[in-house]
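S.K.: Residues 12 to 151 (the numbering used here) make up the sequence shown, in order.
For every residue, glycine included, the Cβ atom is placed at its ideal position computed from N, Cα and C.
Nothing here was measured: the structure is a model prediction, and the numbers come from that model.
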Amino acid sequence: MKGNAMEEKRNIGVYICQCGSNISDYVDVEKVREEVAKINHVSISKTTMFACADATQNEIVQDIQENNLDAIVVASCSPKLHLDTFKNVAERAGLNPYNYVQVNIREQCSWAHSDKPVQATEKAIQLVKAGIARVGYSEA
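(1) Please report the straight-line C-alpha distance between valine 40 and threonine 58, rounded to a whole angstrom.
(2) Pop quiz: isoleucine 143 and isoleucine 50 are said to be a contact at Cβ under 8 Å. What is the actual Cβ separation, rounded to whole angstroms?
(3) Rounding to the nearest angstrom, what Cα-Cα distance links aspartate 36 and glutamine 113 in this structure?
(4) Can you give me the C-alpha to C-alpha distance between alanine 141 and proline 90, rounded to a whole angstrom?
(5) Classify asparagine 110: buried if its beta carbon has 16 or more other beta carbons within 10 angstroms, exposed otherwise.
(6) What do you reckon, are the CB atoms on asparagine 82 and isoleucine 136 nearer than 8 Å?
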């Protein structure tokens, strides 16, 4: 490995999806956004109503190009549904699709812990931080 990969990825964009209310009814997505925005190398931290919507995909492409993002993390639903969606977004923007990580906060946080929104939010923060670390150390 050449040097520290995290040192090479200076601009990471993070997008936290509300999934309508599927996520935001149980996870405080604004708190997640605020917490991950504090992380070194996170240049963009945004919430979105539907990350998979065409308008949001186009916004992510624009953010990647205008801000020279090295990597993106999308916190939303299952990668089974949208892994390819956001890999394609990365490719459309000229970003290596392996510099994209999807974090499943719908099934793993909001649905699994719908009776405990504070804990669901804390878990979401930790999962998104892990996604940021993962993409930060990617050698792609």
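M.R.: The relevant details are as follows:
(1) Position 29 of the sequence shown, counting from 1, holds the residue named residue 40. Position 47 of the sequence shown, counting from 1, holds the residue named residue 58. Between valine 40 and threonine 58, the C-alpha separation is close to 7 Å.
(2) One-based indexing of the sequence shown puts residue 143 at position 132. One-based indexing of the sequence shown puts residue 50 at position 39. Contact holds; Cβ gap of about 6 Å.
(3) The residue given as residue 36 occupies position 25 in the sequence shown. The residue given as residue 113 occupies position 102 in the sequence shown. If I take the Cα positions, the gap works out to 20 Å.
(4) As a working mapping, residue 141 is identified with position 130 in the sequence shown. As a working mapping, residue 90 is identified with position 79 in the sequence shown. Their backbone Cα atoms lie some 15 Å apart in a straight line.
(5) In the sequence shown, residue 110 corresponds to position 99, counting from 1. The residue is buried, with at least 16 neighbouring Cβ atoms inside 10 Å.
(6) Locating residue 82 in the sequence shown gives position 71, where the first residue counts as 1. Locating residue 136 in the sequence shown gives position 125, where the first residue counts as 1. According to the sequence shown, residue 82 is alanine rather than asparagine. Contact: no.
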